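**Q** Take a look at the following structure, please.
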Amino acid sequence: MSLTAWSIALRDIPHPDYADASIAPIGPDDPVDPAVWARTLFGLESMPRWVVAALHVRQLAVRLIGIPPAPRDVFQVRERVGDEVLIAADDTHLDFRCGVAIDERMRLLRVTTTVRFNGWRGRVYFVPVRLAHPIVVRAMIRGARRSFARAAPVGDTSSKFTGRRKTSAHRTLEG
1 MSLTAWSIAL
11 RDIPHPDYAD
21 ASIAPIGPDD
31 PVDPAVWART
41 LFGLESMPRW
51 VVAALHVRQL
61 AVRLIGIPPA
71 PRDVFQVRER
81 VGDEVLIAAD
91 DTHLDFRCGV
101 AIDERMRLLR
111 VTTTVRFNGW
121 RGRVYFVPVR
131 LAHPIVVRAM
141 IRGARRSFAR
151 AAPVGDTSSK
161 FTGRRKTSAH
171 RTLEG
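Structural data, given as structure tokens:
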């Protein structure tokens with residue numbers, strides 16, 4: 001299987017400077033639409049507060065190295081291919097892709113990130129991001145699961161996220 005067949009995040013950036021993937025189980029009543037997952041993962045209302053705070057700090061700190069703040073719609077779904085949606089952003093310092101896919105049969109969520117640096121600003125910017133990214137993605141997945149659990153009908157505990165399921169994987173590829 002080619003990498004681009006595995007995730008559309010690798011289509012535009014086939015040789016990334018940074019890539020990672022997180023795979024996590026989804027509950028029996030969680031949505032199977034990857035666009036719903038993408039909107040929830042990147043929605044400020046479902047993100048853990050510390051992730052939202054980090055994003056606000058990022059918006060201020062990037063100015064120190066001459067990077068403009070990210071636009072409000074930076075995490076909008078740009079495209080859908082089958083069971084995966086793509087979030088894409090190209091900037092002066094780096095190009096970013098995030099594929100959010102659902103395997104409905106296996107009840108798995110896959111979040112694939114690829115990044116290509118554009119010069120020294122991208123490399124400098126990504127030093128702290130590289131360390132935090134896996135932790136942030138896992139926290140965003142937990143936040144989305146909690147959001148879906150809160151939205152479940154009253155009395156329905158089948159989709160409640162307990163935090164006890166440790167069946168998840170996270171891999172990082174660096175070039």
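Numbering of the sequence shown is given in UniProt numbering, commencing with residue 1 and proceeding in unit increments. Note that beta-carbon positions come from the ideal geometry of N, C-alpha and C, so glycine has one too. Owing to the predicted nature of the structure, the values given are computational and were not obtained by experimental measurement.
Using C-beta distances below 8 Å, list every residue in its chain close to Gln76, excluding the 5 sequence neighbours before and after it, in chain order.
**A** Answer for Gln76: Ile87, listed in chain order.
**Q** Counting along the chain, where does the alpha helix (DSSP H) carrying Val124 start and finish?
**A** 120–151
**Q** Three or more C-beta pairs closer than 8 Å, one from the stretch 117–136 and one from the stretch 55–74: is that the case here?
**A** yes
**Q** So which of Arg11, Glu79, Asp29, Ala21 has the shortest CA-CA distance to Met39?
**A** Looking at the sequence provided, one finds Arg at residue 39 rather than Met. Comparing Cα-Cα distances from Arg39 to each of Arg11, Glu79, Asp29, Ala21, the minimum goes to Glu79.
**Q** Determine which residues share a DSSP beta bridge with Val111 and list them.
**A** Ser22, Val100
**Q** For the alpha helix (DSSP H) that contains Leu55, what are its first and last residues?
**A** 49–61
**Q** From the beta carbon of Arg49, is the nearest beta carbon of chain E less than 8 Å away?
**A** Reference to chain E is not applicable here, since this structure consists of a single protein chain.
**Q** Rounded to whole angstroms, how far is the Cβ of Val137 from the Cβ of Val111, which I believe are closer than 8 Å?
**A** Right, their Cβ atoms sit about 6 Å apart.
**Q** Between Pro134, Val115, Leu109, Phe117, which has its C-alpha nearest Asp30's C-alpha?
**A** The shortest Cα separation from Asp30 among Pro134, Val115, Leu109, Phe117 belongs to Leu109.
**Q** Excluding sequence positions up to five away, which residues of its chain have a Cβ less than 6 Å from the Cβ of Pro14?
**A** none
**Q** Once you ignore the five residues that flank Met47 on each side, which residues in its own chain have a CB closer than 7 Å to its CB?
**A** Met140, Gly143
**Q** How big is the Cα-Cα spacing for Pro68 and Val81?
**A** About 30 Å.
**Q** When you compare only the Cα positions, how much space is there between Ile8 and Val100?
**A** In a straight line, the C-alpha of Ile8 is about 9 Å away from that of Val100.
**Q** Measure the CB-CB distance between His93 and Arg72 and report whether it falls below 8 Å.
**A** No, they are not a contact pair.
**Q** Just to confirm my understanding: we take Arg116, look at its own chain, exclude 5 residues before and 5 after, and list those with CB closer than 7 Å. What are they?
**A** Ile13, Pro16, Asp17, Leu94, Asp95
**Q** Starting from Leu41, follow the beta strand (DSSP E) in both directions and report where the run begins and ends.
**A** It is not in any beta strand (DSSP E) - Leu41 instead sits in the alpha helix (DSSP H) that spans 34–41.
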